[in-house]
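Counting along the sequence shown from 1, when you hit position 30 you're at 30 in the UniProt record's numbering, and nothing is skipped either side.
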Amino acid sequence: MPASDAPVTGAPATSGGPAAPGPARPSRLDPAIAARLRRTPDGLVAAVVRAHDTGEVLMVAWMDDEALHRTLTTGRATYWSRSRQEYWVKGATSGHHQHVRSVAVDCDGDALLVSVDQVGAACHTGHRTCFFTELPVSSPEATS
């Protein structure tokens, strides 16, 4: 079942207080999966997105329970936009789609690893990956 390319506005996220025990917006996510997630106070989980074939890290985005549900049931990467306060399907406007091959939750339940077949650039700047700016790293001198 393909996801709509049109943004869907969600209910306002909750703010403040300790990490959310449940979703901030209504969701159809399987309760057994939802129970494994540890969310930020606004109901989000970090989603690290990598290329399925190479393992290259492409981007980091945010998912709430409903975005994860849509991703798992449609095979199209769907995220929650913190700035626009709405769902977005990767590639809906750019044509740079992410076809989801697998999703894994980390041991703490506070991050997702989304493996995708990336069509076009993953970064909104037009780069293949969002991680194109290398920072200098200084190694300590060997001591003896």
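Ideal placement from N, C-alpha and C gives every residue a C-beta, glycine not left out.
Residue closest to residue i, alpha-carbon to alpha-carbon, out of the options
{"i": "residue 145", "options": "Pro41, Leu72, Asp42 and Arg25", "result": "Residue 145 lies beyond the range of the chain shown here (1 to 144); nothing can be said about it."}
{"i": "Gly126", "options": "Gly91, Arg101 and Glu141", "result": "Gly91"}
{"i": "Thr74", "options": "Val103, Arg128, Cys107 and Arg36", "result": "Val103"}
{"i": "Arg50", "options": "Trp80, Arg82 and Gln118", "result": "Gln118"}
{"i": "Trp62", "options": "Ala122, Ser139 and Ala111", "result": "Ala111"}
{"i": "Ala32", "options": "His52, Ser138 and Leu68", "result": "Leu68"}
{"i": "Asp53", "options": "Val137, Ser115, Ser138 and Arg25", "result": "Ser115"}
Where residue i falls: helix, strand or coil (DSSP)
{"i": "Leu113", "result": "strand"}
{"i": "Ala104", "result": "strand"}
{"i": "Glu141", "result": "coil"}
{"i": "Thr73", "result": "helix"}
{"i": "Glu86", "result": "strand"}
{"i": "Asp5", "result": "At Asp5 the pLDDT is 38, less than 50, meaning the model places this residue with poor confidence; the figure from the coordinates comes in the next sentence. Looking at Asp5 - three-state DSSP - the assignment turns out to be coil, as it is neither helix nor strand."}
Opening and closing residue of the beta strand (DSSP E) in which residue i lies
{"i": "Leu58", "result": "Val57 to Met63"}
{"i": "Ala47", "result": "Val45 to Ala51"}
{"i": "Ser81", "result": "Thr78 to Ser81"}
Nearest-angstrom Cβ-Cβ length linking residue i and residue j, presumed shorter than 8 angstroms
{"i": "Ala47", "j": "Val57", "result": "No, Ala47 and Val57 are not in contact; Cβ-Cβ is about 11 angstroms, not under 8 angstroms."}
{"i": "Gly43", "j": "Asp30", "result": "Incorrect: roughly 17 angstroms between the Cβ atoms, too far for contact."}
{"i": "Arg28", "j": "Glu66", "result": "7 angstroms"}
Same chain only: Cβ atoms within 8 angstroms of residue i, ignoring 5 sequence neighbours per side
{"i": "Arg76", "result": "Pro2, Ala3, Arg70, Val89, Lys90, Gly91, His97, Gln98, His99 and Val100"}
Bounding residues of the alpha helix (DSSP H) (the contiguous stretch that carries residue i)
{"i": "residue 163", "result": "Within the shown structure, residues of the chain are numbered from 1 to 144, placing residue 163 beyond reach of any answer."}
Own chain, CB closer than 7 angstroms to residue i, minus 5 neighbours either side, in chain order
{"i": "Gly95", "result": "Gly120"}
{"i": "Arg36", "result": "Val105 and Gly109"}
6 angstroms CB neighbourhood of residue i in its chain, flanking five on each side removed
{"i": "Ser81", "result": "Trp88"}
{"i": "Cys130", "result": "Met59 and Cys123"}
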